[in-house]
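Numbering (our numbering), first residue to last: 19 to 86.
Everything below concerns the one structure shown next.
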Amino acid sequence: MTISLRVLLGYFLIVGLAAYFVLNVFSEEVRPGVRQTMEETLIDSAQVLAELAAPDFKAGRIGSGSFA
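Rendered as structure tokens:
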């Protein structure tokens, strides 16, 4: 194995490790924000569904009303 091939392989090894660590840190930083955004979207959807189901629930016909 020539010295230039060893240097090239070493370079790609270092670049690969650096890319792995950068992407790992990036994903750890982004994950909580994504989870919070998903949670807020689910809360909004739950509130809309609750508003749609409220009239049938108050009338006592939640199982057979227009919402069902």
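Don't be surprised by glycine CBs; every beta carbon is placed ideally from N, CA and C.
Check	Outcome
For glycine 83, three-class secondary structure by DSSP	coil
Between the CA atoms of proline 50 and threonine 59 - distance to the nearest angstrom	14 Å
Alpha helix (DSSP H) segment containing methionine 56, residue limits	21-76
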